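For the sequence shown, counting from 1, position 28 maps to 27 in numbering that gives the first Met the number 0; every step adds exactly one.
For glycine and all other residues, C-beta sits at the position ideal for the given N, C-alpha and C.
Just so you know, these numbers come straight off a predicted model, no measurement behind them.
Beneath this line is the structure, given in structure tokens, with notes to follow.
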Amino acid sequence: MKTSQCTERVALFPGSFDPFTRGHESIVRRALPLFDKVVIAIGVNPDKQGFMPVQQRRAWIESVFAGEPRVSVVAYTGLTVDVARECGARFLLRGVRMIQDFENEMHMAEVNRELSGLETVLLYTLPQYSHISSSIMRELVHYGSDVSSYLPTTLDRALIPAEWNIPKPLTPIHPE
0 MKTSQCTERV ALFPGSFDPF TRGHESIVRR ALPLFDKVVI AIGVNPDKQG FMPVQQRRAW
60 IESVFAGEPR VSVVAYTGLT VDVARECGAR FLLRGVRMIQ DFENEMHMAE VNRELSGLET
120 VLLYTLPQYS HISSSIMREL VHYGSDVSSY LPTTLDRALI PAEWNIPKPL TPIHPE
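Here you go:
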């Protein structure tokens with residue numbers, strides 16, 4: 000049994016999650032065996048209007064991980080290293096889809112380590128999710144395309160905006 004928060008392996012998974020996708024869900028579910036707790040941190044840029052309001056993104060993510068006590072969700076502005084410190088995280092969790100992601104993440108990992116001593120843990124996106132991104136999903140929604148294969152499968156359907164074209168039941172996430 001852990002006696003101190005310092006011995007807990009807490010990872011902060013930061014992102015805009017606008018919206019949270021099946022790829023994001025996969026990263027978190029695959030990280031759970033590695034960490035005692037995963038904090039999903041929704042970064043908010045006050046100078047930028049999001050596709051989905053932050054409260055909706057938070058409710059969406061909380062519905063995906065309902066019943067999983069080791070996952071929590073926070074929203075923040077400012078530096079990621081500051082929210083990591085506030086949450087007791089010693090690790091940053093990031094997903095990597097392609098080589099460009101790796102180069103960007105390597106640079107950010109160096110900066111974050113220098114600022115705070117946080118280590119970054121990269122999980123590669125599973126091949127079946129490598130084409131999924133929030134920006135592609137936003138564009139597909141804009142044009143009325145079916146995005147059901149991009150949505151987390153445990154998402155509470157009541158939280159999906161009525162104007163989104165979701166004609167079929169969500170298919171289960173692939174075993175990982």
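* With DSSP run on the structure shown, which of helix, strand or coil describes G22? -> Within the sequence shown, numbered from 1, the residue matching residue 22 stands at position 23. In this structure, G22 counts as helix in the three-state DSSP scheme.
* **Bounding residues of the alpha helix (DSSP H) (the contiguous stretch that carries I60)** => On the sequence shown, position 61 is the one that residue 60 refers to. V53 to V63 is the span of the alpha helix (DSSP H), which, as asked, contains I60.
* Asked: Whose C-beta lies closer than 6 Å to the C-beta of I39 among residues of the same chain, with five residues either side of it excluded?
  -> Looking up residue 39 in the sequence shown gives position 40. Only F12, I60 and V72 meet the Cβ criterion.
* Mind checking which residues open and close the beta strand (DSSP E) that includes R8? => As a first step, residue 8 is located in the sequence shown; it is residue number 9 there, counting from the start. Careful: R8 lies outside any beta strand (DSSP E) and carries neither H nor E.
* To do: Alpha carbon to alpha carbon, how far is A83 from T119? Give it in angstroms, no decimals.
  => One-based indexing of the sequence shown puts residue 119 at position 120. One-based indexing of the sequence shown puts residue 83 at position 84. For T119 and A83, the distance between alpha carbons rounds to 12 Å.
* Asked: Fully enclosed by the segment 93-155, which alpha helix (DSSP H) runs are 4 residues long or longer?
  -> 98-115 and 133-141
* Asked: Which two residues bound the contiguous beta strand (DSSP E) that contains A40?
  -> In the sequence shown, residue 40 corresponds to position 41, counting from 1. Where A40 is concerned, the enclosing beta strand (DSSP E) stretches over K36 to G42.
* **Straight-line Cα distance separating S144 from E162** => Taking the first residue of the sequence shown as 1, we reach residue 162 at position 163. Taking the first residue of the sequence shown as 1, we reach residue 144 at position 145. Those two C-alpha atoms are separated by around 11 Å.
* Near A108, what residues of its chain come up, given a Cβ to Cβ distance below 7 Å and the 5 sequence neighbours on each side ignored? -> Within the sequence shown, the letter at position 109 stands for residue 108. Taken in chain order, the residues that qualify are T119.
* Where C86 sits in the DSSP three-state scheme -> Walking along the sequence shown from the start, residue 86 turns up at place 87. Looking at C86 - three-state DSSP - the assignment turns out to be helix.
* Close beta carbons around S15, own chain, < 6 Å, minus the five adjacent residues each side -> Counted from its first residue, the sequence shown places residue 15 at position 16. Closer than 6 Å at the Cβ level, and outside the excluded window around S15, lie G42.
* Asked: Between the beta-carbon of A74 and the beta-carbon of R57, is there less than 8 Å?
  -> For the purposes of this step, residue 74 is identified with residue 75 of the sequence shown, where counting begins at 1. For the purposes of this step, residue 57 is identified with residue 58 of the sequence shown, where counting begins at 1. Yes. Within cutoff.
* To do: Just the C-alpha distance for Y142 and M136, rounded to the nearest angstrom, thanks.
  => As a working note, residue 142 is residue 143 in the sequence shown. As a working note, residue 136 is residue 137 in the sequence shown. Answer to the nearest angstrom: the Cα atoms are 10 Å apart.
* What are the boundary residues of the beta strand (DSSP E) that S71 is part of? -> Here residue 71 corresponds to residue number 72 of the sequence shown, with the count starting at 1. Counting along the chain, the beta strand (DSSP E) containing S71 begins and ends at V70 to Y75.
* Where does L33 land, buried or exposed, given buried means 16+ other C-beta within 10 angstroms? -> Position 34 of the sequence shown, counted from the start, is the residue given in the question as residue 33. Exposed, because fewer than 16 other Cβ atoms sit within 10 Å of the Cβ of L33.
* Note down, in chain order, each residue of its chain lying with its Cβ closer than 6 Å to the Cβ of L92, except the 5 sequence neighbours on either side. => Here the question's residue 92 lines up with position 93 in the sequence shown. A10, F12, A30 and V120, listed in sequence order.
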